[in-house]
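> Following this message is one structure expressed as structure tokens.
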Amino acid sequence: MTDADATSLAEEIRLLVEMVVERAAPWLEGVVANGHGVPEREAADCGWCPLCAVVAVARGERPEFAARLVEQLGQLVALLRAVLADRWDPEHGFHMPGFSPDPKPEPASTRVQHIPVQWRGEES
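Once you know that position 69 of the sequence shown is 68 in numbering that gives the first Met the number 0, the rest is easy, because the numbers rise by one and skip nothing.
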């Protein structure tokens, strides 16, 4: 991977994160407006919503959930690696399973064929 590719990849990741933050901001504001994240509430009041579960893991309150979450994330990463390994051909880029690139044409043969000539009396 060249420096230009790494820079391009970093820029694409930054743009993706910005887009996710822009899209998630209204939802997060609605969650806060509904009372999540208010200090007076007990942490045990809400244990089913994903936001509270993630906050509890960040605080270290639910280590069994954190272990399960890490296990699932590991499986997700393994799945993504397998999918990308199946669909990545450095010469042709990403492709669908079963993709077979067009065969490269054989180089045109030259008009002259060099043949080594040996005299009958000589051995090499």
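In this text, a Cβ means the ideal position worked out from N, Cα and C, and glycines have one as well. Since the model is a prediction, treat every value here as computed from it, not as a measurement.
1) Suppose contacts are defined by Cβ-Cβ distances below 8 Å. Is Leu-50 in contact with Val-30 by that definition?
2) How is Glu-61 classed by DSSP in three states: helix, strand or coil?
3) Just to confirm, is the Cβ distance from Val-76 to Leu-68 under 8 Å?
4) For Arg-119, which residues in the same chain have their Cβ closer than 6 Å to its Cβ, ignoring the five residues on either side in sequence?
5) Quick one: is Arg-13 buried, meaning 16 or more other Cβ sit within 10 Å of its Cβ, or exposed?
6) What's the call for Arg-110, buried or exposed, on a 16-neighbour Cβ count within 10 Å?
7) Classify Ile-114 as helix, strand or coil using the three-state DSSP reduction.
8) State the Cα-Cα distance for the pair Arg-61 and Leu-79, rounded to the nearest angstrom.
9) Mapping DSSP to helix, strand and coil, what is Pro-25?
Checking against the coordinates, here is how it stands:
1) By one-based count along the sequence shown, residue 50 stands at place 51. By one-based count along the sequence shown, residue 30 stands at place 31. In this structure, Val-30 lies closer than 8 Å to Leu-50 by Cβ.
2) Counted from its first residue, the sequence shown places residue 61 at position 62. First, the residue type needs correcting, since residue 61 is Arg and not Glu in the sequence shown. Annotated three-state conformation of Arg-61 is coil, per DSSP.
3) As a first step, residue 76 must be located in the sequence shown, where it is residue number 77. As a first step, residue 68 must be located in the sequence shown, where it is residue number 69. Not in contact: Val-76 and Leu-68 (Cβ atoms no closer than 8 Å).
4) Taking the first residue of the sequence shown as position 1, residue 119 is located at position 120. Counting only Cβ-Cβ distances below 6 Å, and skipping sequence neighbours, we find nothing.
5) Reading the sequence shown from its first residue, position 14 is the one you call residue 13. Arg-13 should be labelled exposed.
6) Your numbering for residue 110 matches position 111 in the sequence shown. With a 10 Å radius around the Cβ and a threshold of 16 neighbouring Cβ atoms, Arg-110 comes out exposed.
7) Position 115 of the sequence shown, counted from the start, is the residue given in the question as residue 114. It is coil, neither helix nor strand.
8) Position 62 of the sequence shown holds residue 61. Position 80 of the sequence shown holds residue 79. Those two C-alpha atoms are separated by around 27 Å.
9) Numbered from 1 along the sequence shown, position 26 holds the residue referred to as residue 25. DSSP places Pro-25 in helix when its eight states are reduced to three.
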